[in-house]
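*Asks:*
Protein chains: 4
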Amino acid sequence: MRFLSDNATPLHPRVLAAIAAADHADAPYDGDVWSGRMDAAFSALFETQVRALWVSTGTAANSIALAALCPPYGGVLCHEDAHVEVDEGGAPGFFTHGAKLMPLPGPGAKLSPETMAARLATIRDDVHQVPPRAITITNATEYGLVYTPDEVAALGDLARRHGLGFHMDGARFANAVAHLDCAPADLTWRAGVDALSFGCVKNGGMAGEALVLFGDQANARAAESMRWRKRSGHLLSKGRYMAAQILALVDNGLWIANGRAANAAAQALATAIPGRLLHPVQANELFVRLNGDEAARLRAQGFEFYDWGEGAARLVTNWAQRVEDVAPLAAALSALGDG
Amino acid sequence: MRFLSDNATPLHPRVLAAIAAADHADAPYDGDVWSGRMDAAFSALFETQVRALWVSTGTAANSIALAALCPPYGGVLCHEDAHVEVDEGGAPGFFTHGAKLMPLPGPGAKLSPETMAARLATIRDDVHQVPPRAITITNATEYGLVYTPDEVAALGDLARRHGLGFHMDGARFANAVAHLDCAPADLTWRAGVDALSFGCVKNGGMAGEALVLFGDQANARAAESMRWRKRSGHLLSKGRYMAAQILALVDNGLWIANGRAANAAAQALATAIPGRLLHPVQANELFVRLNGDEAARLRAQGFEFYDWGEGAARLVTNWAQRVEDVAPLAAALSALGDG
Amino acid sequence: MRFLSDNATPLHPRVLAAIAAADHADAPYDGDVWSGRMDAAFSALFETQVRALWVSTGTAANSIALAALCPPYGGVLCHEDAHVEVDEGGAPGFFTHGAKLMPLPGPGAKLSPETMAARLATIRDDVHQVPPRAITITNATEYGLVYTPDEVAALGDLARRHGLGFHMDGARFANAVAHLDCAPADLTWRAGVDALSFGCVKNGGMAGEALVLFGDQANARAAESMRWRKRSGHLLSKGRYMAAQILALVDNGLWIANGRAANAAAQALATAIPGRLLHPVQANELFVRLNGDEAARLRAQGFEFYDWGEGAARLVTNWAQRVEDVAPLAAALSALGDG
Amino acid sequence: MRFLSDNATPLHPRVLAAIAAADHADAPYDGDVWSGRMDAAFSALFETQVRALWVSTGTAANSIALAALCPPYGGVLCHEDAHVEVDEGGAPGFFTHGAKLMPLPGPGAKLSPETMAARLATIRDDVHQVPPRAITITNATEYGLVYTPDEVAALGDLARRHGLGFHMDGARFANAVAHLDCAPADLTWRAGVDALSFGCVKNGGMAGEALVLFGDQANARAAESMRWRKRSGHLLSKGRYMAAQILALVDNGLWIANGRAANAAAQALATAIPGRLLHPVQANELFVRLNGDEAARLRAQGFEFYDWGEGAARLVTNWAQRVEDVAPLAAALSALGDG
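Chains as they are written, first to last, in our numbering: chain A, 18 to 356; chain B, 18 to 356; chain C, 18 to 356; chain D, 18 to 356.
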């Protein structure tokens with residue numbers, strides 16, 4: 018059974034059905050009825066008027082968001098383990114035309130206002146230094162931790178005071194909201210977030226994330242982002258198939274149900290090995306102390322997962338794994354003892 | 018009935034079936050078995066060892082190809098009506114980091130070696146002028162004309178003599194090959210083409226084109242293009258769904274069958290109005306003299322198409338339209354007389 | 018005697034003296050007293066509050082201006098013979114991050130509102146096409162013609178109506194103003210110009226042009242341009258030597274005196290060969306019908322100049338040539354007759 | 018007396034004389050006799066065939082060098098306090114089209130092979146991560162320390178083994194060589210350096226540094242760098258004035274004499290306060306423990322310098338300060354005692 022990543026799972030049946038249901042001619046690009054429903058669907062979800070654009074990947078969503086928030090000569094504060102910093106092949110630099118990511122430390126890939134403020138204080142306001150113009154956080158983080166609405170709001174407050182745009186990479190936004198059981202609005206625009214990459218691919222989709230823009234500047238940023246989407250080759254001719262997937266997740270709450278399912282599976286595993294957890298398990302990722310021998314034993318039983326440096330492993334659950342599905346792994350982990 | 022464009026048609030049933038067949042977990046990105054078959058499938062099609070990468074759109078395929086062939090300070094000779102020049106929202110400038118498209122005239126959006134040579138002769142070889150480094154042609158062209166293997170080879174020869182990379186935008190490559198009934202190899206690498214954007218979306222696919230790289234430098238350019246694919250946010254997590262679509266078209270010749278079908282429908286229309294054609298009909302596009310009154314009459318009968326400037330219209334057929342399907346339009350056109 | 022170009026002449030003695038006078042320690046970059054006087058000096062010259070930044074070259078001034086006026090996904094209307102289009106090695110594409118120059122025809126390298134309007138009318142307002150965001154003209158033009166204040170104002174009006182920024186490449190601005198004997202203000206901001214590259218190097222300077230920003234957005238654009246100046250490596254440590262040169266030209270009207278001198282020398286030549294002129298002589302450049310034999314005869318007499326295609330030559334005068342200095346060439350030209 | 022920086026000192030008299038001596042018409046750009054002598058002059062200095070291009074600033078020299086060594090999707094290892102990282106306003110990101118600087122720690126702004134190797138080991142060789150392609154070091158460093166030939170060679174060896182280009186920022190190269198009393202060749206190409214920014218402005222020049230390219234690829238990189246120089250607006254029309262300055266420093270060893278003078282002045286100060294030095298004094302910079310009260314006392318005596326964080330100051334000497342000139346400061350420092 019696979020616990021490698023949630024990024025390669027099959028499609029949720031309703032997503033595949035939505036693709037089939039969209040399979041007739043309509044206006045090209047984003048002129049079709051599905052694409053036309055994006056703004057309304059996300060506005061309903063976020064309880065305010067938003068703009069929502071489909072794009073192919075989380076990397077594209079993040080990059081277009083950063084290009085909308087930061088000029089080429091500016092900087093973006095991020096965590097040193099953030100996906101934008103370590104796993105996007107330089108895409109942020111490409112889309113922003115060379116803006117500088119400014120990586121910061123923090124446990125569990127979480128950033129605090131204090132860390133950000135301390136970094137900001139070191140930057141002189143002259144043309145010799147790159148001026149910070151945006152911050153980006155990932156929620157849930159790359160280590161499966163979740164920022165609360167209050168924590169986001171504290172960062173949003175700092176962003177506002179320093180005139181910085183605020184982006185949230187929500188590749189696992191569903192898992193974050195499922196953990197918090199909060200309104201999506203509380204975790205985003207009410208906390209000062211300007212742009213959200215709303216993840217779908219890890220949550221039952223095939224290809225396509227939503228770039229959601231909040232606030233006064235949403236329309237202006239959407240207009241510009243649509244230029245960037247085209248300019249980066251992301252404006253699909255048959256956009257309806259992408260919009261249909263995303264809407265299948267957003268309509269009727271499939272997205273949050275899937276997030277809850279993945280989280281529940283993770284909790285079932287976490288409960289089996291509380292003593293081995295390297296980070297609290299809040300979303301759908303477990304980072305587990307595991308020596309080579311133990312890892313081999315698990316793999317011999319058919320469980321697939323990645324090593325995470327020396328003596329540790331990462332286990333990722335997904336929407337398709339029910340608690341009963343992961344019970345064998347829970348049992349196997351439990352059998353390892355506390356090590 | 019729709020003759021607006023071939024870029025918004027439904028999926029060929031075998032493409033949709035291929036997506037469903039790929040719907041189980043596999044390695045992410047391009048590590049899956051479908052992606053792993055791309056090189057071999059295209060090598061068989063082109064009768065030589067090639068490299069083939071899936072990308073989301075024709076714009077992305079064209080842009081990555083140009084980035085592989087032209088440095089940021091260089092220039093790319095193209096037709097002034099080329100898709101790269103007029104319809105890609107500046108994507109070539111984005112991917113090449115500011116390289117200059119050098120538009121040239123030519124009837125039917127075709128370029129001749131003479132036109133290219135004349136332009137090249139005007140460019141001084143000093144740092145004040147942008148040095149041409151690549152040429153790009155579209156086959157079939159934006160006006161539905163087809164370059165023959167000999168015509169391509171003449172351009173390829175010129176490219177070789179001037180040290181220029183040679184790219185072919187094959188958004189309608191299937192229609193070109195179907196018209197010529199030639200080997201794909203004759204129209205590409207045997208004629209000096211270095212890189213081909215092999216179109217699928219207009220030919221029955223959902224999203225995804227193949228960037229095919231030929232020749233000695235194919236591996237080096239593929240390695241670089243894979244960096245660009247990631248960097249531009251085009252490396253899908255679940256690449257298998259894209260590879261599966263493309264393979265469904267390439268395997269068993271569905272791509273050429275679809276190209277033939279679209280061409281045949283276009284010929285059925287062309288035969289009905291030989292006196293009104295503004296360009297020879299070789300692929301699946303008709304440019305037709307049509308006044309406002311005539312256009313209105315056709316639309317009243319349920320035929321949809323775009324005006325093409327004053328007194329003209331564009332009609333595009335697609336793989337899903339059989340000759341009998343387009344017979345009503347052929348009859349309606351015929352009834353208009355020679356105008 | 019050299020009539021090759023005005024870009025390689027010696028320094029005006031007052032420029033060299035100004036460099037020597039600035040030769041003591043002061044604050045680095047643009048913190049010195051000379052740099053601090055730029056805004057005031059140019060505000061006085063233009064009879065309004067302006068911002069003025071020194072940069073190393075006309076190419077840098079033009080490029081930074083275009084970057085301030087046009088986003089990376091936008092387009093800039095220019096003449097097809099404009100320096101930015103043909104002689105800056107792709108610098109505008111570099112500084113604008115890939116914005117598209119949109120070249121237009123026009124006699125004498127001059128653009129008309131009609132030509133611009135016609136081009137604008139062909140551009141659809143959708144994301145597939147590059148949206149025009151700025152226009153740039155050269156005054157005096159690359160063929161030595163001069164736009165009048167009314168002609169500039171007509172273009173400025175068109176720019177305003179279409180929401181386009183308006184840049185003037187004034188590498189030979191002094192020659193244009195000298196020809197018109199108008200207020201610099203009339204030729205620039207009063208006619209709708211947003212940004213001017215004020216040329217010094219062809220007019221007695223060593224290195225350094227002034228980028229002058231007009232209007233409501235001058236401060237915002239200056240702040241951004243200062244980022245670009247640093248980012249492109251154009252913020253000299255010892256900026257005072259550059260500011261001192263520019264001020265030596267602007268203070269006490271040396272710039273216009275030099276422009277008048279160069280123009281007068283050109284007129285002296287033009288008068289000698291009215292029948293051979295390919296363009297009216299308004300500034301300091303002559304384009305002259307001249308066959309190979311005639312050219313050889315002139316060169317044998319020690320006159321240096323460039324051929325300008327087949328059967329023509331370009332003669333450029335400069336500030337250091339008095340009418341009596343060019344009398345020998347005038348005589349030699351006159352002796353050739355009307356050809 | 019000023020100890021703020023060496024970047025705002027007057028010109029060495031021989032530099033000013035060289036500018037005056039170059040003040041007659043010659044071929045524009047780099048076609049003049051002074052520019053034509055650059056390669057030979059630097060080849061003699063470095064005892065091997067090199068290519069040498071003048072550019073306006075150190076930022077431009079560094080950026081063009083990095084663009085020549087690193088593709089847009091690559092990374093450049095540098096020190097976290099390096100000028101390229103903290104003081105060039107994002108220029109490296111601009112010229113490299115978004116390549117990533119990868120900052121590393123190390124005392125005195127020096128990098129060790131061990132630190133670099135450790136960082137390299139963390140980077141996976143896949144398209145998700147930015148591949149390192151170059152390293153850059155500053156010699157003398159931003160803290161006035163000097164890499165020895167052996168230390169450079171150890172980094173050069175690591176660069177070669179990992180296929181990385183190797184750049185040295187030599188804004189204070191003269192001070193480094195003066196300290197080591199070694200052959201310039203030993204500190205550069207013999208130690209594996211591919212490209213050197215040879216500083217002149219801090220060493221008696223007005224504007225202009227030399228980008229020196231070594232090794233097999235020097236010609237190819239020079240050809241490309243000349244494109245970049247033009248494209249970034251750094252190709253001055255009257256390049257002779259810049260070349261003449263640089264040659265005035267290189268010919269007859271003025272550059273190293275100036276470096277020695279500045280170092281000697283720094284040593285004279287260092288000797289006065291051995292107990293307060295925060296870094297060894299090897300070049301022309303002193304970082305000194307100094308509380309607010311002490312700093313105020315020095316300033317009251319007319320000494321100008323920058324604070325360097327809390328309780329510290331930076332003192333920079335320059336070529337124009339003889340030991341006897343700085344004796345008053347030495348005495349004043351000495352009078353402060355060990356604090």
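No residue lacks a Cβ here, since even glycine has one placed at the ideal position from N, Cα and C.
Computed from a prediction, not measured in an experiment: that's the story for all the values here.
Three-state secondary structure (DSSP) at Gly354 of chain C?
*Replies:* The residue given as residue 354 of chain C occupies position 337 in the third sequence. Note: Gly354 of chain C maps to coil in three-state DSSP.
*Asks:* May I ask you to report which of helix, strand or coil DSSP gives His96 of chain B?
*Replies:* Taking the second sequence and counting its residues from 1, one reaches residue 96 of chain B at position 79. If DSSP states are grouped into helix, strand and coil, His96 of chain B belongs with the strands.
*Asks:* Using only the alpha-carbon positions, how far apart do Asp186 of chain C and Thr155 of chain C sit?
*Replies:* Taking the first residue of the third sequence as position 1, residue 186 of chain C is located at position 169. Taking the first residue of the third sequence as position 1, residue 155 of chain C is located at position 138. Approximately 4 Å between the Cα atoms of the pair.
*Asks:* In chain A, what lies closer than 7 Å to Ala37 of chain B by C-beta?
*Replies:* Position 20 of the second sequence, counted from the start, is the residue given in the question as residue 37 of chain B. The contacting residues are Leu33.
*Asks:* Determine, using beta carbons only, whether Tyr258 of chain C comes closer than 8 Å to chain D.
*Replies:* By one-based count along the third sequence, residue 258 of chain C stands at place 241. Yes, its Cβ sits closer than 8 Å to a Cβ of chain D.
*Asks:* Within a Cβ cutoff of 6 Å, which residues of the same chain sit near Ala208 of chain D, ignoring the five residues on either side of it in sequence?
*Replies:* Position 191 of the fourth sequence, counted from the start, is the residue given in the question as residue 208 of chain D. These residues qualify, in order along the chain: Pro166, Val169, Ala170 and Gly173.
*Asks:* Compute the beta-carbon to beta-carbon distance between Trp51 of chain B and Ala261 of chain B, rounded to the nearest angstrom, for a pair I have assumed lies under 8 Å.
*Replies:* Numbered from 1 along the second sequence, position 34 holds the residue referred to as residue 51 of chain B. Numbered from 1 along the second sequence, position 244 holds the residue referred to as residue 261 of chain B. Between Ala261 of chain B and Trp51 of chain B the Cβ distance is about 5 Å, and since that is below 8 Å, they are a contact.
*Asks:* With a Cβ-Cβ cutoff of 8 Å, do His145 of chain B and Gly123 of chain B count as a contact?
*Replies:* To locate residue 145 of chain B, count along the second sequence from 1; it is residue 128. To locate residue 123 of chain B, count along the second sequence from 1; it is residue 106. No, the pair does not count as a contact, with Cβ atoms beyond the cut-off.
*Asks:* Three Cβ pairs or more, each shorter than 8 Å: is that satisfied between the stretch 195 to 205 of chain D and the stretch 25 to 40 of chain D?
*Replies:* Of all C-beta pairs linking the stretch 195 to 205 of chain D to the stretch 25 to 40 of chain D, fewer than three are shorter than 8 Å, placing the two stretches out of contact.
*Asks:* Looking only at DSSP bridge pairs, what is Glu321 of chain B linked to?
*Replies:* Position 304 of the second sequence, counting from 1, holds the residue named residue 321 of chain B. According to DSSP, Glu321 of chain B bridges with B:Arg19.
*Asks:* Of the residues that make up the stretch 112 to 134 of chain C, which ones have a beta carbon closer than 8 Å to any beta carbon in chain B?
*Replies:* Thr113, His114, Gly115, Ala116, Lys117 and Leu118
*Asks:* Which residues bound the alpha helix (DSSP H) around Pro130 of chain C?
*Replies:* What you label residue 130 of chain C is simply residue 113 of the third sequence in a count that begins at 1. That run of the alpha helix (DSSP H) goes Pro130 to Ala138.
*Asks:* Look up Arg68 of chain B in the DSSP assignment and give the residues it is bridged to.
*Replies:* Here residue 68 of chain B refers to the residue found at position 51 of the second sequence. Bridge partners of Arg68 of chain B according to DSSP: B:Leu230.
*Asks:* Distance check for Ser249 of chain D and Gly107 of chain C, CA to CA, integer angstroms please.
*Replies:* For this step, residue 107 of chain C is matched to residue 90 along the third sequence. For this step, residue 249 of chain D is matched to residue 232 along the fourth sequence. Going by the C-alpha atoms only, they are around 9 Å apart.
*Asks:* If I measure Cβ to Cβ from Pro89 of chain B and keep anything under 7 Å in the same chain, skipping five residues before and after, which residues do I get?
*Replies:* Here residue 89 of chain B is taken as the residue at index 72 of the second sequence, counted from 1. Excluding residues within five positions, the ones whose Cβ falls inside 7 Å are Thr113, His114, Gly115 and Ala116.
*Asks:* Over what stretch of residues does the beta strand (DSSP E) that includes Glu327 of chain C continue unbroken?
*Replies:* Indexing the third sequence from 1 puts residue 327 of chain C at position 310. Premise fails: Glu327 of chain C is in no beta strand (DSSP E) and is neither H nor E.
*Asks:* Could you check whether the stretch 338 to 346 of chain D touches the stretch 274 to 294 of chain D, counting it as contact only if at least three pairs of C-beta atoms, one from each stretch, sit closer than 8 Å?
*Replies:* yes
*Asks:* Distance, Cα to Cα, Gly222 of chain C vs Thr139 of chain A?
*Replies:* Locating residue 222 of chain C in the third sequence gives position 205, counting from the first residue. Locating residue 139 of chain A in the first sequence gives position 122, counting from the first residue. Their backbone Cα atoms lie some 40 Å apart in a straight line.
*Asks:* Note down, in chain order, all residues in the stretch 253 to 284 of chain C with a beta-carbon under 9 Å from any beta-carbon belonging to chain B.
*Replies:* Per Cβ criterion, the list is empty.
*Asks:* Which residue marks the beginning of the alpha helix (DSSP H) containing Asp143 of chain C, and which one marks its end?
*Replies:* Taking the third sequence and counting its residues from 1, the one referred to as residue 143 of chain C is at position 126. No alpha helix (DSSP H) holds Asp143 of chain C; DSSP gives it neither H nor E.
*Asks:* Once the 5 residues before and after Asp142 of chain C are set aside, which same chain residues still bring their CB inside 8 Å of it?
*Replies:* Counting from one through the third sequence, the residue named residue 142 of chain C turns up at place 125. If we look at Asp142 of chain C and ignore the five residues flanking it on each side, its Cβ neighbours are Pro148.
*Asks:* In terms of residue numbering, what span does the alpha helix (DSSP H) encompassing Val163 of chain D cover?
*Replies:* Translated into the one-based positions of the fourth sequence, residue 163 of chain D becomes position 146. Neither: Val163 of chain D is in no alpha helix (DSSP H) and is coded neither H nor E.
*Asks:* Is the beta carbon of Pro297 of chain B closer than 8 Å to that of Leu162 of chain B?
*Replies:* As a first step, residue 162 of chain B must be located in the second sequence, where it is residue number 145. As a first step, residue 297 of chain B must be located in the second sequence, where it is residue number 280. With respect to the 8 Å criterion, Leu162 of chain B and Pro297 of chain B are classified as neighbours on the basis of their beta carbons.
*Asks:* Between the alpha carbons of Ala265 of chain B and Ala224 of chain A, how many angstroms are there, rounded?
*Replies:* Indexing the second sequence from 1 puts residue 265 of chain B at position 248. Indexing the first sequence from 1 puts residue 224 of chain A at position 207. Taking the straight line from one Cα to the other gives about 18 Å.
*Asks:* Would Gly216 of chain C and Ala191 of chain C be called neighbours here (beta carbons separated by less than 8 Å)?
*Replies:* Within the third sequence, the letter at position 199 stands for residue 216 of chain C. Within the third sequence, the letter at position 174 stands for residue 191 of chain C. The answer is yes: Cβ separation under 8 Å.
*Asks:* To which residues of the same chain is Ile273 of chain D closer than 7 Å at the C-beta, ignoring the five residues directly before and after it?
*Replies:* As a working note, residue 273 of chain D is residue 256 in the fourth sequence. Cβ within range, chain order: Ala191, Val194 and Ala195.
*Asks:* Could you work out which residue in B:Val101, B:Asp23, B:Ala39 and B:His29 is closest to Thr26 of chain A when comparing CA atoms only?
*Replies:* Here residue 26 of chain A refers to the residue found at position 9 of the first sequence. The residue with the shortest Cα to Cα distance from Thr26 of chain A is B:Ala39.
*Asks:* Please name the residue or residues paired with Thr153 of chain D in a DSSP beta bridge.
*Replies:* Along the fourth sequence, read from residue 1 onward, the residue named residue 153 of chain D stands at position 136. Paired residues: D:His184.
*Asks:* Would you say the beta carbon of Met119 of chain B is closer than 7 Å to some non-hydrogen atom of the ligand SAM?
*Replies:* The model on display carries no ligand, and the ligand SAM is accordingly not part of it.
*Asks:* 8 Å is my cut-off, CB to CB: does Val333 of chain D come that close to chain A?
*Replies:* For the purposes of this step, residue 333 of chain D is identified with residue 316 of the fourth sequence, where counting begins at 1. Not closer than 8 Å to any Cβ of chain A, the Cβ of Val333 of chain D fails to qualify, so no.
*Asks:* Pull up the CB-CB distance for Gly125 of chain D and Tyr160 of chain D, whole angstroms please, since I reckon it's below 8 Å.
*Replies:* Position 108 of the fourth sequence, counted from the first residue, corresponds to residue 125 of chain D. Position 143 of the fourth sequence, counted from the first residue, corresponds to residue 160 of chain D. About 4 Å; that satisfies the 8 Å criterion.
*Asks:* If distances are taken between C-alpha atoms only, which option among A:Lys247, A:Asn275, A:Phe304 and A:Cys87 comes closest to Leu286 of chain A?
*Replies:* Mapped onto the first sequence, residue 286 of chain A falls at position 269. The shortest Cα separation from Leu286 of chain A among A:Lys247, A:Asn275, A:Phe304 and A:Cys87 belongs to A:Phe304.
*Asks:* Quick check: Ser22 of chain B and Val218 of chain B, are their CB atoms within less than 8 Å of each other?
*Replies:* As a working mapping, residue 22 of chain B is identified with position 5 in the second sequence. As a working mapping, residue 218 of chain B is identified with position 201 in the second sequence. The answer is no: Cβ separation not under 8 Å.
*Asks:* Could you confirm whether any beta carbon from chain D is found closer than 8 Å to the beta carbon of Val103 of chain A?
*Replies:* Counted from its first residue, the first sequence places residue 103 of chain A at position 86. Interface residue, yes.
*Asks:* Distance check for Phe20 of chain A and Ala347 of chain A, CA to CA, integer angstroms please.
*Replies:* The residue you call residue 347 of chain A lines up with position 330 of the first sequence. The residue you call residue 20 of chain A lines up with position 3 of the first sequence. Going by the C-alpha atoms only, they are around 12 Å apart.
*Asks:* For Phe322 of chain A, collect the residues of the same chain with a Cβ closer than 7 Å to its Cβ; drop the 5 residues on either side in sequence, then sort them by chain order.
*Replies:* On the first sequence, residue 322 of chain A is found 305 positions in, with the first residue counted as 1. Taking C-beta separations shorter than 7 Å and ignoring five residues to either side along the sequence, the partners of Phe322 of chain A in its chain run Phe20, Leu21, Ala330, Arg331 and Leu332, following chain order.
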